[in-house]
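Note that the protein sequences, when read in sequence, are chains A and B. Add 188 to the 1-based position in the first sequence for this note's numbering, that's all there is to it. Add 215 to the 1-based position in the second sequence for this note's numbering, that's all there is to it. Down below is the structure, laid out as structure tokens.
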Amino acid sequence: MDQTSSTWIKTGTSVGEAVLKSTERYTRQRMLFRRGNSNRERFEKLAESSFSSIFGTALRLTRNHEEAQDLAQEALVRAFDAFDRFDGRNFKAWVLRIVTNLYINRYRRSKRTGIEASLDDEGAYEPIAPIEEIPDRQIFDEMVGEEVERALQNVPDVFRMAVILADLEGLSYDEIAEAIEVPVGTVRSRIARGRAILRKELEDYARSQGYLPQEN
Amino acid sequence: MNDKDLEIHALVDGEISDEKRSEVQERISSDPQAAAQYEWISCLKKTLQSKCTKLTDDECWQRAMKQIQAINRTNSTERFVRRYAWSFCALFLIAIVSASFIQQTGSGPQLSTSSMAGIFTGLEPVSSSAAPDSIPELLRSGVGSAPSGISDSMDEVEEIAVGEIDGRRAARVSFKDGSGTLHLIVVEDASSVEGVEDKSANGYYAGSINGVRCVSWKEGRYMVILGGDRPWRDLATAANHVRGR
């Protein structure tokens, strides 16, 4: 604003006051508009940085590309709707909580099989061979990503979810407990059990491919 | 799976307390089975992290962002409307009031029968010496200007009276023609006359005021009434004559 116009406004004439008032009103409206936009921009930045985790988790949980797309999209929309309630600490953990909750509500209920249900119970079964017999580095080094992914797909839902969140997404036990709404103790046992099942899957696969000698 | 196994998993995940950590580490260094277990858990974790690549899907991302932008637009509009709802209501009310005011001042209200009661007697007569020569001038002296459609070729004028009806300027000219006396009344800023609303007399509104048959019509912002003791059809003919038709 140049000196003349500011002096004119400072004189307190009714025209000056009117101009000031309309300017303030305009600024308020712009701020309101920008607040909405900046909120969306902030969300987009955070979501973009976590999108591979969101989509990856969705795909590894659903094991179906289209369902994963739907799940990831719905999770993002819900996250945006609830963005005002995000505490600002760990966006990835927060949004993965939405992904897992949606998955549990939408998919698992309809697809849960009797085997998965029984595995969820404590003390179901011990799936692995005696520890000392298995040369782990040998098995795992031979594997390619696709084979590991396939083995992971064979791990039942509840255990797979815990393993994905802990090992692939790096969430803490507390964050996982919050995400899947179970006590931390249950998270610990699900991770341990999930890893044991996954190891058994990898071991079986290694044997079938001749990486390991066949069991007698 | 016992607690000791879970402690080894927790150690690999960095989820163990300081005091437990040293205890578990000691167990791993002294117990080959615990060491083997620690080894495979670490190996498996590293394998998952290194061999499971990051997954992404551009189409899914674009779709989600489109939906979010649409939601954001809706939210912004809703916020705006919520914030300014009272202003909108006030503007709407002002618009209604203004419209009704404009309608009232534009075409004028209806004159009620009660306000028209003194139409033939209540107006103040103007002395014949002060009366102007032509009908438009007579009316001009009563209502400020004359309706454009009034002819000045009327017969013998009996009485001129001016005054107000229902707060509006009005003038009455009583004159004679071959069939008797007629009263020509002009009221400013009126749209209709209660009781003279039936448009049936050769294109004129027809009715009665104080028992006197009348026809009426609009001339710009004026309501013009022609009354007399004769059939409406004859009044319509006289009205045509007054209007120079």
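Note that beta-carbon positions come from the ideal geometry of N, C-alpha and C, so glycine has one too. Every value quoted in this text rests on a predicted model; they were computed, and no experiment measured them.
Alpha carbon to alpha carbon, how far is residue i from residue j?
i, j, result
"residue 415/B", "residue 335/B", "23 Å"
"residue 262/A", "residue 258/B", "35 Å"
"residue 372/A", "residue 287/A", "19 Å"
"residue 241/B", "residue 221/B", "15 Å"
"residue 325/B", "residue 340/B", "25 Å"
"residue 279/A", "residue 316/B", "58 Å"
"residue 293/A", "residue 275/A", "24 Å"
"residue 458/B", "residue 452/B", "10 Å"
"residue 448/B", "residue 311/B", "41 Å"
"residue 320/A", "residue 266/A", "Legend: pLDDT at residue 320/A = 48, less than 50; position of this residue unreliable, value from coordinates given subsequently. Approximately 47 Å between the Cα atoms of the pair."
"residue 363/A", "residue 243/B", "27 Å"
"residue 307/A", "residue 344/A", "Confidence in residue 307/A is poor, its pLDDT being 46 and thus under 50, which makes the residue's placement unreliable; the coordinate value appears in the next sentence. Cα to Cα, residue 307/A sits roughly 8 Å from residue 344/A."
"residue 315/A", "residue 239/A", "Residue confidence for residue 315/A is low, a pLDDT of 45 falling below 50, so the modelled location carries little weight; the figure read from the coordinates is stated next. Their backbone Cα atoms lie some 33 Å apart in a straight line."
"residue 273/A", "residue 278/B", "23 Å"
"residue 383/B", "residue 436/B", "11 Å"
"residue 300/B", "residue 289/B", "16 Å"
"residue 331/A", "residue 261/B", "12 Å"
"residue 130/A", "residue 249/B", "This structure cannot settle anything about residue 130/A, because the visible part of chain A is limited to 189 through 404."
"residue 309/A", "residue 370/A", "Because residue 309/A carries a pLDDT of 46, less than 50, the predicted location of this residue cannot be relied on, and no value is offered for it."
"residue 306/B", "residue 291/B", "21 Å"
"residue 333/B", "residue 455/B", "25 Å"
"residue 328/A", "residue 285/B", "46 Å"
"residue 253/A", "residue 226/A", "32 Å"
"residue 431/B", "residue 313/B", "29 Å"
"residue 256/A", "residue 264/A", "12 Å"
"residue 438/B", "residue 371/B", "23 Å"
"residue 281/B", "residue 333/A", "32 Å"
"residue 291/A", "residue 335/A", "24 Å"
"residue 242/A", "residue 254/B", "30 Å"
"residue 397/B", "residue 421/B", "15 Å"
"residue 234/B", "residue 217/B", "19 Å"
"residue 355/A", "residue 239/B", "21 Å"
"residue 245/B", "residue 402/A", "31 Å"
"residue 178/A", "residue 236/B", "This structure leaves residue 178/A out entirely; chain A is present only between 189 and 404."
Do residue j and residue i count as a contact pair if the criterion is CB distance below 8 Å?
i, j, result
"residue 227/B", "residue 256/B", "yes"
"residue 346/A", "residue 378/A", "yes"
"residue 402/B", "residue 380/B", "yes"
"residue 360/A", "residue 293/B", "no"
"residue 224/B", "residue 380/A", "yes"
"residue 385/B", "residue 308/B", "no"
"residue 445/B", "residue 393/B", "no"
"residue 244/A", "residue 269/B", "yes"
"residue 442/B", "residue 427/B", "yes"
"residue 464/B", "residue 375/B", "Residue 464/B is absent from the structure shown; chain B starts at 216 and stops at 460."
"residue 270/A", "residue 260/A", "no"
"residue 408/B", "residue 331/B", "yes"
"residue 373/B", "residue 391/B", "yes"
Which partner residues of residue i appear in the DSSP bridge assignment?
i, result
"residue 317/B", "Residue 317/B pairs with nothing; no bridge assigned."
"residue 429/B", "422/B, 442/B"
"residue 392/B", "395/B"
"residue 361/A", "Paired residues: none, contrary to the question."
"residue 340/B", "376/B"
"residue 279/B", "Answer is none; residue 279/B lacks a bridge partner."
"residue 299/B", "Paired residue(s): none; residue 299/B is not in a bridge."
"residue 386/B", "377/B, 401/B"
"residue 407/B", "325/B"
"residue 399/A", "None, per the DSSP bridge assignment."
"residue 434/B", "437/B"
(message) Assess contact between the region 271-290 of chain A and the region 225-236 of chain A, defined as three or more Cβ pairs (one per stretch) separated by less than 8 Å. Is contact present?
(response) yes
(message) At a CB distance below 7 Å, what residues from the region 251-263 of chain B approach chain A? Give them in sequence order.
(response) If the cut-off is 7 Å between Cβ atoms, the region 251-263 of chain B has 251, 252, 254, 255, 256, 258, 259, 260, 262, 263 near chain A.
(message) At a CB distance below 8 Å, what residues from the region 256-275 of chain A approach chain B? Give them in sequence order.
(response) 256, 257, 260, 261, 264, 265, 268, 269
(request) Quick one: which residues of the region 227-240 of chain A get their C-beta closer than 9 Å to a C-beta of chain B? List them in chain order. (result) 227, 228, 231, 232, 235, 236, 239, 240
(request) Please name the residues in the region 358-385 of chain A whose beta-carbon is closer than 8 Å to at least one beta-carbon of chain B, in chain order. (result) 360, 361, 376, 377, 379, 380, 381, 383, 384
(message) Under 8 Å, with one C-beta from each stretch per pair, do the region 381-394 of chain A and the region 338-354 of chain A reach the 3-pair mark?
(response) yes
(request) Select from the region 329-342 of chain A all residues with a C-beta closer than 9 Å to any C-beta belonging to chain B, and list them in chain order. (result) 329, 331, 332, 333, 334, 335, 336, 337, 340
(message) Can you pull out the residues from the region 384-401 of chain A whose beta carbon lies closer than 9 Å to at least one beta carbon of chain B?
(response) Residues are counted here when their Cβ sits less than 9 Å from a Cβ of chain B; for the region 384-401 of chain A these are 384, 386, 387, 390, given in chain order.
(request) Using a Cβ-Cβ cut-off of less than 8 Å, list which residues of the region 275-306 of chain B approach chain A; keep chain order. (result) 275, 276, 278, 279, 280, 282, 283, 284, 286, 287, 290, 291, 294, 295, 298
(request) Assess, as a yes-or-no matter, whether the region 265-273 of chain B is touched by the region 390-398 of chain A under the definition of 3 or more beta carbon pairs within less than 8 Å. (result) no
(request) Return the residues of the region 217-231 of chain B that lie within a Cβ-Cβ distance of less than 7 Å from chain A, sorted by chain order. (result) 220, 221, 224, 225, 228, 230
(request) Check each residue of the region 330-343 of chain B: if its Cβ is closer than 8 Å to any Cβ of chain A, include it; give the result in chain order. (result) none
(request) Note down, in chain order, all residues in the region 369-402 of chain B with a beta-carbon under 8 Å from any beta-carbon belonging to chain A. (result) Hits within the stretch: zero.
(message) By the 8 Å beta-carbon criterion, what residues does the region 232-252 of chain B contribute toward chain A?
(response) 247, 248, 251, 252
(request) For the region 342-355 of chain A, enumerate the residues whose C-beta is nearer than 9 Å to any C-beta of chain B, in chain order. (result) 351, 352, 354, 355
(message) Tell me which residues of the region 273-293 of chain A have at least one Cβ-Cβ distance to chain B shorter than 9 Å, keeping chain order.
(response) Within the region 273-293 of chain A, no residue places its CB atom closer than 9 Å to a CB of chain B.
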